[in-house]
Every structure is written in structure tokens, then in C-alpha cells.
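A.B. asks: Below is one structure. I have some questions about it.
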Amino acid sequence: MSPPYELKEVRSFVMVSKAGSISRAATEFNIPKATISNHLRRLEDSLEVELFTRQSRGLTLTDAGKQFLEHAQAIFDSCDVATVAAQRAHGTLSGTLRVAASSAFGTSLIGAAASRVAAGNDGVEFDIRLYPNEELLVDHIEFDCMVVVGEPATDRLHRQRLGEMAFQLYASPNFVAQHGVPQAPSDLAEFPGIVLQESGVPYAWNLRCGGRSVHASPRPKFRVNEYWMAKYLAVEGLGIAYLPDFFIYHEVRQRALVPVLPEWRSGDTPVYAVYPPHRRGNARIGQLLDTMTMQFEDIMSEPGYRATRVDYGQQSAEFASTSNESAEISSPLKP
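Read in order, the letters of the sequence shown are residues 1442 to 1776 in the working numbering.
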């Protein structure tokens, strides 16, 4: 027996349920408000039940609406799986892959992984969102896959361990020449430090060497809440910073930064990909997970800005050379 409503009406219901209001759904999905409103009205008329409680601040699902949403979402998830299965059989992937990550490392981790997946899948589009750590893993964030540094604070999602990262102390050669280096972690209290903090709370500098573990306390010269700023200040020679090893890979290779107390480093911090259980069979997610897992070491040593950093100087020189040649040929003032 056919249902008394159309699939497009159910899709509008799911969109509004996620967005929280008709206006937000219309904006987010680029559909006229009147169309969505008509779909909801016809759906409720067909079901002979109210799916939303109308309030001045938006729409709230009724108990009937919550039950209907659970099953309606399963319908579209099944459609996605069917679509991907057909595409996989045909040898192609298409559609949108929604990826979320921490704003601290999302550019480095997701940028490199997404570029690899995009290179072999012209039909896949990416919606990449970066969030502060405290906003990750909250219910209102819609995603297919999320990259989390550290143990995910949820049991509702499937997880796949991608690899590990570790922190170490770094400073610029100019800083070392001017200030010297600490001989032990306890000496860090005498050196200017660049301290990361979140919500006013500084990150701990936990260091290990052999079987010993210490909590180091530098003298804060700079307090920042963003790793790129910390790295910039360290490269400028303004203090010692506690940074992830992958994040300063190229700065160390170029001698812009050098390790401080190199025998001391943090323990390994796991990096996970997490995703909703109903997205487990999605081929786009599978492609991203396979890429991040199999190429994790390469991705970690090639932050998203690597190509710009490496190629920019050469490209600038080539551009300048070409421009000079053109100027010599075309200049009316040249004798």
C-alpha cells in the first residue's frame, strides 16, 4: 500500500527537524520557505497528526514527530546506501562528504586527506567545517565523518583509530643563541614560554623520558588559544612552545625551529575518525577513512599549506623572471 504522502514532503520534514525552523531550513538547503511550509502542512494533514509544536522561537518536535523522524531518517539513509552501492558497482563516487574537525588541526589533517580523495573522485563534493574543541561531538553538528584528537567523549558513534601524534618543546635557533637552552624540565620556569590555553585554562606541558614523567611549568610570555599563533611566535624567536611534532615538521626541516630538551616528549595522543552508525556503509566515508588510515604518516608530515610553502618561492621567481622579460620586450622607453 502506498503511503498517503510524497517523499519530498518527508524530506522537508527532516530538513526542518535538523534546522529547527522553516526559515533556517530554507536558507540552509536553498528551498523557498513557502514550498517547505506547504510540504509540512500536507504531510501533517495526510498523517492527521501534529509533528511540530509551533513556538515564537522556532519549531519543536512532538512525541509523534520524534517517532516519525527516526523512521524517516532511516529511509533517506537507506537511499544514500543504495546510491553509493550503485555508484561503487559502476566504479564512480559522487555526492557530498561532510567532514568536521577541530579548528586546531583541521586544516593540516583534513586538508591533506581531502585533497587526496578529491584527486581521484571528481564527482565528490566536500563540506568541511572546523569547530572549537568544546563544540565538537555536540548533537547539532551534522557530519558524515569527524576527526578527533584524543579519546572521543561519546559512545554513540563508531570510531576508527587513524594513528598517533606527540608533543615536544621547540624554539627558534635565534632564541637558543640568545637565551641558551634548559638542561632539565625544571629549568623551563626560567625561560619565556608560549602557552596554549582554552577557555582561560592553560594546556599542561606533560613530558616523559624513559620511565620518568613530569609536568613542566614555563614562565608565560605569551598566552594564546591557537596553534598557528604559537608556532608563529616560536619561529619569531619569542619563546619556547609545546607543539605537535607533525605541526612543525617543515619548520624543523628548514631549521626555523629546533627541538628543546629533545629526549623529553609527551606520550602518544591518539587520532580517531568517528562517524554515525547509520553511515557505516557509505563509500565516500570509506574512501576518506582508507586514505587517512593508509597514508596517515604522509598526511601528518604534509600539512595543508606545504605546497604553498614549498612552491611559492620558485613560482614567484619564475613569475618575476617572466615579467622582466616581458617588460624588456614591450617597454617603449628601452633604447
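In this text, a Cβ means the ideal position worked out from N, Cα and C, and glycines have one as well. Here the structure is a predicted model, which is why all the values come from computation and not from measurement.
What are the partner residues of Gln1496, as DSSP defines its beta bridges?
C.D. replies: Translated into positions along the sequence shown, residue 1496 becomes position 55. DSSP output for Gln1496 lists Gly1499 as bridge partner(s).
A.B. asks: List the DSSP bridge partners of Asp1568.
C.D. replies: Position 127 of the sequence shown holds residue 1568. Asp1568 is bridged to Arg1539.
A.B. asks: Between Ala1513 and the rest of its own chain, which residues show a CB-CB distance below 7 Å, the 5 nearest in sequence each way excluded?
C.D. replies: In the sequence shown, the residue the question calls residue 1513 occupies position 72. So the qualifying residues of the chain are Val1451, Phe1454 and Val1455.
A.B. asks: Roughly how many angstroms separate the alpha carbons of His1599 and Pro1593, rounded to a whole number?
C.D. replies: Within the sequence shown, residue 1599 is the residue found at index 158, counting from 1. Within the sequence shown, residue 1593 is the residue found at index 152, counting from 1. Each residue's alpha carbon lies about 10 Å from the other.
A.B. asks: Mapping DSSP to helix, strand and coil, what is Tyr1673?
C.D. replies: For the purposes of this step, residue 1673 is identified with residue 232 of the sequence shown, where counting begins at 1. Reduced to three states, the DSSP call for Tyr1673 is helix.
A.B. asks: According to DSSP, Cys1520 sits in a beta bridge with which residue or residues?
C.D. replies: The residue labelled residue 1520 in the question sits at position 79 within the sequence shown. For Cys1520, which the question treats as bridged, DSSP gives no partner whatsoever.
A.B. asks: List the DSSP bridge partners of Pro1643.
C.D. replies: Working through the sequence shown from its first residue, we reach residue 1643 at position 202. The beta-bridge partner set that DSSP reports for Pro1643 consists of Gln1638.
A.B. asks: Bridge partners for Met1606 per DSSP, in chain order?
C.D. replies: Here residue 1606 refers to the residue found at position 165 of the sequence shown. DSSP, once it has assigned bridges, lists Thr1710 as partnering Met1606.
A.B. asks: Taking buried to mean at least 16 other C-beta atoms within 10 Å of its own C-beta, is Asp1563 buried or exposed?
C.D. replies: Taking the first residue of the sequence shown as 1, we reach residue 1563 at position 122. Under this definition Asp1563 is an exposed residue.
A.B. asks: For Arg1498, count the other beta carbons within 10 Å of its own beta carbon; 16 or more makes it buried, fewer makes it exposed. Which is it?
C.D. replies: Taking the sequence shown and counting its residues from 1, one reaches residue 1498 at position 57. Per the 10 Å Cβ criterion, exposed.
A.B. asks: Quick check on DSSP: helix, strand or coil for Leu1648?
C.D. replies: One-based indexing of the sequence shown puts residue 1648 at position 207. Strand, per DSSP.
A.B. asks: For Gly1604, which residues of its own chain have a beta-carbon under 6 Å away from its beta-carbon, when the five flanking residues on both sides are left out?
C.D. replies: Walking along the sequence shown from the start, residue 1604 turns up at place 163. Answer for Gly1604: Val1712 and Phe1737, listed in chain order.
A.B. asks: Taking Cβ to Cβ, would you say Glu1578 is nearer than 9 Å to Ile1635?
C.D. replies: In the sequence shown, residue 1578 corresponds to position 137, counting from 1. In the sequence shown, residue 1635 corresponds to position 194, counting from 1. Checking the sequence shown, residue 1578 turns out to be Leu, not Glu. No, they are not a contact pair.
A.B. asks: Can you tell me whether DSSP reads Ser1458 as helix, strand or coil?
C.D. replies: In the sequence shown, residue 1458 corresponds to position 17, counting from 1. Looking at Ser1458 - three-state DSSP - the assignment turns out to be helix.
A.B. asks: Secondary structure at Gly1754, three-state DSSP: helix, strand or coil?
C.D. replies: What you label residue 1754 is simply residue 313 of the sequence shown in a count that begins at 1. Note that Gly1754 scores a pLDDT of 45, beneath 50, so its modelled location is shaky and nothing firm can be said.
A.B. asks: Between Gly1461 and the rest of its own chain, which residues show a CB-CB distance below 6 Å, the 5 nearest in sequence each way excluded?
C.D. replies: The count along the sequence shown starts at 1 and reaches residue 1461 at position 20. These residues qualify, in order along the chain: Gly1499.
A.B. asks: Between Phe1584 and Tyr1716, what straight-line distance do the alpha-carbon atoms span, to the nearest angstrom?
C.D. replies: In the sequence shown, the residue the question calls residue 1584 occupies position 143. In the sequence shown, the residue the question calls residue 1716 occupies position 275. So the alpha carbons of these two residues sit roughly 8 Å apart.
A.B. asks: Among Pro1573, Ser1535 and Val1558, which residue has its Cα nearest to the Cα of Val1565?
C.D. replies: Counting from one through the sequence shown, the residue named residue 1565 turns up at place 124. Out of Pro1573, Ser1535 and Val1558, Ser1535 has the C-alpha closest to the C-alpha of Val1565.
A.B. asks: Output the distance between the C-alpha atoms of Pro1685 and Ile1740, rounded to the nearest integer angstrom.
C.D. replies: Position 244 of the sequence shown, counted from the first residue, corresponds to residue 1685. Position 299 of the sequence shown, counted from the first residue, corresponds to residue 1740. Distance between the alpha carbons of Pro1685 and Ile1740 is about 14 Å.
A.B. asks: Do three or more CB pairs link the stretch 1665-1674 to the stretch 1685-1698 at distances below 8 Å?
C.D. replies: Contact holds: three or more Cβ-Cβ distances are below 8 Å.
A.B. asks: If you draw a straight line from the C-alpha of Val1665 to the C-alpha of Asn1574, how long is it?
C.D. replies: What you label residue 1665 is simply residue 224 of the sequence shown in a count that begins at 1. What you label residue 1574 is simply residue 133 of the sequence shown in a count that begins at 1. Rounded to whole angstroms, Val1665 to Asn1574 spans 15 Å at the Cα level.
A.B. asks: Roughly how many angstroms separate the alpha carbons of Val1590 and Ser1543, rounded to a whole number?
C.D. replies: The residue given as residue 1590 occupies position 149 in the sequence shown. The residue given as residue 1543 occupies position 102 in the sequence shown. Taking the straight line joining both Cα atoms gives about 8 Å.
A.B. asks: Under 9 Å, do Lys1474 and Ala1467 count as touching if we go by C-beta distance?
C.D. replies: Position 33 of the sequence shown, counted from the first residue, corresponds to residue 1474. Position 26 of the sequence shown, counted from the first residue, corresponds to residue 1467. Contact flag set, yes.
A.B. asks: Measure the beta-carbon distance from His1719 to Asp1596 and round it to whole angstroms, keeping in mind my assumption that it falls under 8 Å.
C.D. replies: As a working mapping, residue 1719 is identified with position 278 in the sequence shown. As a working mapping, residue 1596 is identified with position 155 in the sequence shown. Not really, about 16 Å apart at Cβ, beyond 8 Å.
A.B. asks: Is Leu1629 helix, strand or coil when you go by DSSP?
C.D. replies: Here the question's residue 1629 lines up with position 188 in the sequence shown. In the three-state DSSP reduction, Leu1629 falls in the helix class (H, G or I).
A.B. asks: In this structure, does DSSP put Val1693 in helix, strand or coil?
C.D. replies: Here residue 1693 refers to the residue found at position 252 of the sequence shown. Helix, per DSSP.
A.B. asks: Who are the near neighbours of Gln1619 in its chain, counting only those whose CB is closer than 8 Å to its CB and skipping five residues on each side?
C.D. replies: Here the question's residue 1619 lines up with position 178 in the sequence shown. Once the five neighbours on either side are set aside, the close Cβ partners of Gln1619 are Gly1678.
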